[in-house]
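Note sheet for the following structure.
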Amino acid sequence: PIAAVLPWWRLLGQLLRVELSSQWHRRGDVITVLAFYFLVLILAPLGLGPASATLRGVAPGLVWIAALLSVIMAVERGIRPDHQDGSLEARFFTGASAELIMAAKAIVLVLTTILPLILVSPMIFAVLAVPASAMVPGALAILLGGPGLVVIGLAGAALTAGARQGGALLAVLLFPLQLPVLIFGAAALQRALTGEPVVGELQILAALTLFSLPVGIMAGAAALRGLIRDDA
129 PIAAVLPWWR
139 LLGQLLRVEL
149 SSQWHRRGDV
159 ITVLAFYFLV
169 LILAPLGLGP
179 ASATLRGVAP
189 GLVWIAALLS
199 VIMAVERGIR
209 PDHQDGSLEA
219 RFFTGASAEL
229 IMAAKAIVLV
239 LTTILPLILV
249 SPMIFAVLAV
259 PASAMVPGAL
269 AILLGGPGLV
279 VIGLAGAALT
289 AGARQGGALL
299 AVLLFPLQLP
309 VLIFGAAALQ
319 RALTGEPVVG
329 ELQILAALTL
339 FSLPVGIMAG
349 AAALRGLIRD
359 DA
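Structure below.
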(Lines of atoms letter the chains of each structure in order from A and count residues from 1; the text may use other names and numbers.)
(Lines give C-alpha, C1' and ligand atoms only; values in the text may rest on other atoms or scores of the structure.)
Protein backbone atom coordinates (compact mmCIF):
# COMPACT_ATOMS: atom_id res chain seq x y z
CA PRO A 1 0.00 0.00 0.00
CA ILE A 2 2.85 2.40 0.75
CA ALA A 3 4.61 1.59 -2.52
CA ALA A 4 1.40 2.15 -4.46
CA VAL A 5 1.22 5.85 -3.52
CA LEU A 6 4.86 6.69 -4.23
CA PRO A 7 5.39 9.14 -7.10
CA TRP A 8 6.57 7.62 -10.35
CA TRP A 9 10.07 9.11 -10.15
CA ARG A 10 10.71 7.45 -6.78
CA LEU A 11 9.45 4.14 -8.12
CA LEU A 12 11.72 4.58 -11.12
CA GLY A 13 14.66 5.28 -8.81
CA GLN A 14 13.93 2.09 -6.86
CA LEU A 15 13.69 0.09 -10.07
CA LEU A 16 16.98 1.54 -11.33
CA ARG A 17 18.72 0.46 -8.12
CA VAL A 18 17.26 -3.03 -8.45
CA GLU A 19 18.27 -3.28 -12.11
CA LEU A 20 21.79 -2.01 -11.44
CA SER A 21 22.16 -4.51 -8.60
CA SER A 22 20.91 -7.28 -10.87
CA GLN A 23 23.36 -6.28 -13.60
CA TRP A 24 26.18 -6.23 -11.07
CA HIS A 25 25.38 -9.76 -9.93
CA ARG A 26 25.30 -10.82 -13.59
CA ARG A 27 28.31 -8.73 -14.58
CA GLY A 28 29.74 -11.74 -16.38
CA ASP A 29 26.97 -11.32 -18.97
CA VAL A 30 27.88 -7.66 -19.45
CA ILE A 31 31.54 -8.58 -19.93
CA THR A 32 30.55 -11.33 -22.39
CA VAL A 33 28.57 -8.87 -24.53
CA LEU A 34 31.43 -6.36 -24.58
CA ALA A 35 33.98 -9.10 -25.31
CA PHE A 36 31.84 -10.37 -28.19
CA TYR A 37 31.72 -6.90 -29.76
CA PHE A 38 35.42 -6.41 -29.22
CA LEU A 39 36.47 -9.80 -30.58
CA VAL A 40 34.30 -9.59 -33.72
CA LEU A 41 35.90 -6.31 -34.70
CA ILE A 42 39.42 -7.27 -33.63
CA LEU A 43 39.30 -10.55 -35.59
CA ALA A 44 37.93 -8.89 -38.73
CA PRO A 45 41.32 -7.43 -39.79
CA LEU A 46 42.87 -10.90 -39.50
CA GLY A 47 40.38 -12.27 -42.02
CA LEU A 48 40.34 -9.26 -44.35
CA GLY A 49 44.04 -8.54 -44.37
CA PRO A 50 46.00 -5.51 -43.21
CA ALA A 51 45.14 -3.24 -46.17
CA SER A 52 43.85 0.03 -44.74
CA ALA A 53 41.57 0.79 -47.69
CA THR A 54 39.85 -2.58 -47.37
CA LEU A 55 39.32 -2.18 -43.64
CA ARG A 56 37.96 1.34 -44.01
CA GLY A 57 35.56 0.17 -46.70
CA VAL A 58 33.94 -2.49 -44.50
CA ALA A 59 34.30 -0.70 -41.14
CA PRO A 60 30.83 0.98 -41.11
CA GLY A 61 28.97 -2.26 -41.72
CA LEU A 62 31.15 -4.28 -39.34
CA VAL A 63 30.80 -1.82 -36.48
CA TRP A 64 27.01 -1.69 -36.66
CA ILE A 65 26.46 -5.40 -37.27
CA ALA A 66 28.62 -6.18 -34.23
CA ALA A 67 26.73 -3.56 -32.21
CA LEU A 68 23.37 -5.03 -33.27
CA LEU A 69 24.38 -8.58 -32.34
CA SER A 70 25.76 -7.37 -29.00
CA VAL A 71 22.49 -5.57 -28.20
CA ILE A 72 20.46 -8.70 -29.06
CA MET A 73 22.62 -10.71 -26.64
CA ALA A 74 22.24 -8.06 -23.93
CA VAL A 75 18.46 -7.59 -24.16
CA GLU A 76 17.77 -11.31 -24.00
CA ARG A 77 19.75 -11.43 -20.76
CA GLY A 78 17.80 -8.40 -19.55
CA ILE A 79 14.40 -10.15 -19.54
CA ARG A 80 14.70 -13.94 -19.61
CA PRO A 81 16.70 -14.50 -16.36
CA ASP A 82 14.34 -12.23 -14.41
CA HIS A 83 11.36 -14.11 -15.79
CA GLN A 84 12.86 -17.49 -14.94
CA ASP A 85 13.81 -16.68 -11.33
CA GLY A 86 10.56 -14.82 -10.54
CA SER A 87 12.18 -11.43 -9.90
CA LEU A 88 10.30 -9.90 -12.84
CA GLU A 89 6.98 -10.66 -11.23
CA ALA A 90 8.28 -9.34 -7.89
CA ARG A 91 8.91 -5.95 -9.47
CA PHE A 92 5.17 -5.55 -10.02
CA PHE A 93 4.59 -5.85 -6.26
CA THR A 94 6.52 -2.60 -5.71
CA GLY A 95 3.56 -0.75 -7.24
CA ALA A 96 5.46 0.08 -10.41
CA SER A 97 3.74 -0.12 -13.77
CA ALA A 98 5.02 -2.31 -16.60
CA GLU A 99 6.02 0.86 -18.46
CA LEU A 100 8.25 1.96 -15.57
CA ILE A 101 9.82 -1.49 -15.38
CA MET A 102 10.60 -1.38 -19.10
CA ALA A 103 11.97 2.17 -18.82
CA ALA A 104 14.28 1.18 -15.96
CA LYS A 105 15.54 -1.85 -17.88
CA ALA A 106 16.15 0.29 -20.97
CA ILE A 107 18.10 2.94 -19.04
CA VAL A 108 20.32 0.38 -17.31
CA LEU A 109 20.96 -1.57 -20.51
CA VAL A 110 21.94 1.62 -22.32
CA LEU A 111 24.39 2.38 -19.51
CA THR A 112 25.84 -1.14 -19.42
CA THR A 113 25.82 -1.93 -23.15
CA ILE A 114 25.82 1.19 -25.34
CA LEU A 115 28.06 3.33 -23.11
CA PRO A 116 30.86 0.71 -23.02
CA LEU A 117 30.63 0.37 -26.81
CA ILE A 118 31.13 4.11 -27.13
CA LEU A 119 34.07 4.06 -24.71
CA VAL A 120 35.91 1.34 -26.65
CA SER A 121 35.00 2.78 -30.07
CA PRO A 122 38.26 4.81 -30.48
CA MET A 123 40.29 1.63 -30.07
CA ILE A 124 38.01 -0.29 -32.44
CA PHE A 125 38.10 2.48 -35.05
CA ALA A 126 41.90 2.58 -34.84
CA VAL A 127 42.11 -1.18 -35.46
CA LEU A 128 39.81 -0.79 -38.48
CA ALA A 129 41.99 1.99 -39.90
CA VAL A 130 39.30 4.64 -39.38
CA PRO A 131 40.93 8.10 -39.36
CA ALA A 132 40.72 10.26 -36.26
CA SER A 133 38.43 12.76 -38.01
CA ALA A 134 35.71 10.09 -38.34
CA MET A 135 35.91 8.77 -34.78
CA VAL A 136 33.73 11.42 -33.14
CA PRO A 137 30.90 11.19 -35.73
CA GLY A 138 31.09 7.38 -35.47
CA ALA A 139 30.79 7.49 -31.68
CA LEU A 140 27.94 10.03 -31.91
CA ALA A 141 26.09 7.72 -34.28
CA ILE A 142 26.31 4.89 -31.74
CA LEU A 143 25.20 7.25 -28.97
CA LEU A 144 22.15 8.44 -30.91
CA GLY A 145 21.14 5.13 -32.49
CA GLY A 146 22.13 2.68 -29.76
CA PRO A 147 19.27 3.46 -27.33
CA GLY A 148 16.78 2.82 -30.15
CA LEU A 149 18.31 -0.62 -30.71
CA VAL A 150 18.06 -1.35 -26.98
CA VAL A 151 14.41 -0.31 -26.58
CA ILE A 152 13.27 -2.22 -29.67
CA GLY A 153 15.32 -5.19 -28.52
CA LEU A 154 13.78 -5.14 -25.04
CA ALA A 155 10.28 -5.15 -26.50
CA GLY A 156 11.19 -8.16 -28.61
CA ALA A 157 12.85 -9.89 -25.66
CA ALA A 158 9.68 -9.44 -23.59
CA LEU A 159 7.63 -10.97 -26.40
CA THR A 160 9.90 -14.02 -26.71
CA ALA A 161 10.85 -14.54 -23.05
CA GLY A 162 8.37 -17.39 -22.66
CA ALA A 163 9.45 -19.18 -25.84
CA ARG A 164 11.78 -22.15 -25.75
CA GLN A 165 13.94 -21.02 -28.68
CA GLY A 166 13.71 -17.38 -27.68
CA GLY A 167 17.18 -16.37 -28.88
CA ALA A 168 16.70 -17.45 -32.50
CA LEU A 169 13.15 -16.08 -32.57
CA LEU A 170 14.35 -12.78 -31.11
CA ALA A 171 16.98 -12.32 -33.83
CA VAL A 172 14.45 -12.98 -36.60
CA LEU A 173 11.86 -10.69 -35.01
CA LEU A 174 14.19 -7.77 -34.36
CA PHE A 175 16.17 -7.60 -37.59
CA PRO A 176 13.50 -5.83 -39.71
CA LEU A 177 12.66 -3.42 -36.89
CA GLN A 178 16.28 -2.48 -36.22
CA LEU A 179 17.34 -2.33 -39.87
CA PRO A 180 16.71 1.45 -40.29
CA VAL A 181 19.04 2.25 -37.38
CA LEU A 182 21.63 -0.11 -38.84
CA ILE A 183 21.40 1.53 -42.29
CA PHE A 184 21.67 5.14 -41.13
CA GLY A 185 24.30 4.33 -38.50
CA ALA A 186 26.54 2.74 -41.12
CA ALA A 187 25.78 5.58 -43.54
CA ALA A 188 26.86 8.17 -40.95
CA LEU A 189 30.22 6.47 -40.46
CA GLN A 190 30.65 5.99 -44.21
CA ARG A 191 30.07 9.68 -44.90
CA ALA A 192 32.45 10.61 -42.07
CA LEU A 193 35.13 8.43 -43.70
CA THR A 194 34.80 10.38 -46.94
CA GLY A 195 34.82 13.75 -45.18
CA GLU A 196 31.18 14.54 -45.96
CA PRO A 197 28.80 16.13 -43.41
CA VAL A 198 26.91 13.60 -41.28
CA VAL A 199 24.38 15.92 -39.67
CA GLY A 200 21.48 14.52 -41.68
CA GLU A 201 22.21 10.91 -40.73
CA LEU A 202 22.69 11.83 -37.06
CA GLN A 203 19.36 13.67 -37.05
CA ILE A 204 17.62 10.66 -38.57
CA LEU A 205 19.20 8.37 -35.94
CA ALA A 206 18.01 10.71 -33.17
CA ALA A 207 14.51 10.77 -34.70
CA LEU A 208 14.42 6.96 -34.96
CA THR A 209 15.44 6.65 -31.31
CA LEU A 210 12.88 9.23 -30.16
CA PHE A 211 10.18 7.35 -32.07
CA SER A 212 11.36 3.97 -30.74
CA LEU A 213 11.38 4.99 -27.06
CA PRO A 214 7.62 5.38 -26.44
CA VAL A 215 6.61 2.69 -28.95
CA GLY A 216 9.13 0.16 -27.64
CA ILE A 217 8.35 0.83 -23.98
CA MET A 218 4.58 0.54 -24.50
CA ALA A 219 4.92 -2.61 -26.62
CA GLY A 220 7.33 -4.15 -24.13
CA ALA A 221 5.07 -3.25 -21.21
CA ALA A 222 2.12 -4.97 -22.90
CA ALA A 223 4.31 -8.03 -23.47
CA LEU A 224 5.40 -8.04 -19.81
CA ARG A 225 1.80 -7.93 -18.63
CA GLY A 226 0.95 -10.82 -20.93
CA LEU A 227 3.95 -12.76 -19.65
CA ILE A 228 2.87 -12.32 -16.03
CA ARG A 229 -0.72 -13.27 -16.87
CA ASP A 230 0.46 -16.45 -18.57
CA ASP A 231 2.48 -17.39 -15.47
CA ALA A 232 -0.44 -16.74 -13.09
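In our numbering, the protein residues as written are 129 to 360. Glycine included, every Cβ here is placed at the ideal spot set by N, Cα and C. Computed from a predicted model, the values in this text were never measured in an experiment.
* Asked: Would the beta-carbon of Ala315 be found less than 6 Å away from any heavy atom of the ligand NAD?
  -> No copy of the ligand NAD occurs in the structure displayed, which carries no ligand at all.
* **Gly354 - DSSP class collapsed to helix/strand/coil** => As a first step, residue 354 is located in the sequence shown; it is residue number 226 there, counting from the start. Three-state result, Gly354: helix.
* Asked: What is the residue span of the alpha helix (DSSP H) that Gly273 lies within?
  -> Taking the sequence shown and counting its residues from 1, one reaches residue 273 at position 145. Element bounds for Gly273: Ala260 to Thr288.
* Asked: Quick one: what's got a C-beta closer than 6 Å to Ser198's C-beta in the same chain, skipping five residues either side?
  -> Mapped onto the sequence shown, residue 198 falls at position 70. Closer than 6 Å at Cβ, skipping near neighbours: Val161, Phe164 and Tyr165.
* Asked: How many Å lie between Ala181 and Ser340 at the Cα?
  -> If you number the sequence shown from 1, residue 181 lands on position 53. If you number the sequence shown from 1, residue 340 lands on position 212. Straight-line Cα distance between these residues: approximately 35 Å.
* Sorted by chain position, which residues of the same chain lie with C-beta nearer than 7 Å to Leu330's C-beta, five sequence neighbours on each side aside? -> Residue numbering aside, residue 330 sits at position 202 when the sequence shown is read from its first letter. Hits under 7 Å: Leu268, Ala269, Leu272 and Ala316.
* Would DSSP call Gly185 helix, strand or coil? -> Here residue 185 refers to the residue found at position 57 of the sequence shown. If DSSP states are grouped into helix, strand and coil, Gly185 belongs with the helices.
* Per-residue DSSP class, three states only, for Ser198 -> The residue given as residue 198 occupies position 70 in the sequence shown. It is helical.
* Confirm, please, whether the CB-CB distance from Ile345 to Met230 is below 7 Å. => Sequence index remark: in the sequence shown, residue 230 carries index 102 (1-based). Sequence index remark: in the sequence shown, residue 345 carries index 217 (1-based). Yes; because the gap between Cβ atoms is below 7 Å, this pair is in contact.
* **Ala232 - containing alpha helix (DSSP H), residue span** => As a first step, residue 232 is located in the sequence shown; it is residue number 104 there, counting from the start. Run containing Ala232: Ala226 to Leu237, per the alpha helix (DSSP H) assignment.
* To do: Use the C-beta contact count for Arg205: other C-beta atoms within 10 angstroms, 16 or more gives buried, fewer gives exposed.
  => As a first step, residue 205 is located in the sequence shown; it is residue number 77 there, counting from the start. That one is buried.
* Between the CA atoms of Pro250 and Pro244 - distance to the nearest angstrom -> Along the sequence shown, one-based indexing puts residue 244 at 116. Along the sequence shown, one-based indexing puts residue 250 at 122. Answer to the nearest angstrom: the Cα atoms are 11 Å apart.
* Where Gly156 and Ala202 are concerned, what is the direct C-alpha to C-alpha distance, given to the nearest angstrom? -> Against the sequence shown, residue 156 aligns to sequence position 28. Against the sequence shown, residue 202 aligns to sequence position 74. Each residue's Cα considered, the two are about 11 Å apart.
* Are there 16 or more other CB atoms within 10 angstroms of the CB of Arg208, so buried, or fewer, so exposed? -> Here residue 208 refers to the residue found at position 80 of the sequence shown. When all chains shown are included, Arg208 counts as buried.
* To do: Identify whether Arg208 lies in helix, strand or coil by the three-state DSSP scheme.
  => Numbered from its first residue, the sequence shown carries residue 208 at position 80. Looking at Arg208 - three-state DSSP - the assignment turns out to be helix.
* Endpoints, the alpha helix (DSSP H) within which Leu174 is located -> Within the sequence shown, numbered from 1, the residue matching residue 174 stands at position 46. Unbroken alpha helix (DSSP H) run through Leu174: Arg155 to Leu176.
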